[in-house]
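The block underneath contains the structure these notes are about, expressed in structure tokens.
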Amino acid sequence: MNNPFSELINVLREEGSFYNEPSFYFAKVTSKLPNLKVSLNDMELNKNNLLIDKILFDNNALNVGDRVIMLRDNNKFIIISKVVSV
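Numbering (our numbering), first residue to last: 1 to 86.
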């Protein structure tokens, strides 16, 4: 016999994961500044959808193929850091 409490917990977990976005995203740079573009899953974001950390911007530190970490703020994605392999 199935435990009704276990079933309820599973439903709550599924619904919670559906409505809660991840806290950060990994993306790949597909075009450098000044026409910055990044690929996030199957979506390409351009400078109209992006904000970028000032240090990354000032140092022109992003190259095609770089991986970045982004946060989401409503309709904008904020590139907060470049990620490299160890």
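All C-beta atoms in this analysis are idealised placements derived from N, C-alpha and C, irrespective of residue type, glycine included.
Exercise for review: Give the DSSP-derived three-state secondary structure of VAL11 in the structure shown.
Suggested key: For the purposes of this step, residue 11 is taken as residue 11 along the sequence shown, with counting starting at 1. Looking at VAL11 - three-state DSSP - the assignment turns out to be helix.
Check your understanding: Taking the beta strand (DSSP E) that LYS56 falls in, what are its first and last residues?
Key -> What you label residue 56 is simply residue 56 of the sequence shown in a count that begins at 1. The residue you asked about is not Lys; residue 56 is Leu in the sequence shown. Element bounds for LEU56: not the beta strand (DSSP E) but the alpha helix (DSSP H), 54 to 58.
Point to revise | Residue from GLU14, ASN10, MET70 whose Cα sits closest to the Cα of ASN49 | key: Residue mapping note: residue 49 aligns to position 49 of the sequence shown, counting from 1. Comparing Cα positions, the closest option is MET70.
**Study point:** Cutoff 6 Å; reference ASN3; Cβ partners in own chain excluding five residues on either side
**Key:** Along the sequence shown, one-based indexing puts residue 3 at 3. If we look at ASN3 and ignore the five residues flanking it on each side, it has no Cβ neighbours.
Practice item. Less than 8 Å between the CB atoms is what I'm expecting for LEU33 and LEU62, so what's the real figure, rounded? Key: Numbered from its first residue, the sequence shown carries residue 33 at position 33. Numbered from its first residue, the sequence shown carries residue 62 at position 62. Confirmed, about 7 Å.
Review point. How many angstroms separate the CA atom of ASN59 from the CA atom of ASP53?
Key: For the purposes of this step, residue 59 is taken as the residue at position 59 of the sequence shown. For the purposes of this step, residue 53 is taken as the residue at position 53 of the sequence shown. If I take the Cα positions, the gap works out to 10 Å.
Check your understanding: What is the rounded straight-line gap between the Cα of VAL11 and the Cα of SER23?
Key -> Within the sequence shown, residue 11 is the residue found at index 11, counting from 1. Within the sequence shown, residue 23 is the residue found at index 23, counting from 1. VAL11 and SER23: Cα-Cα distance of roughly 22 Å.
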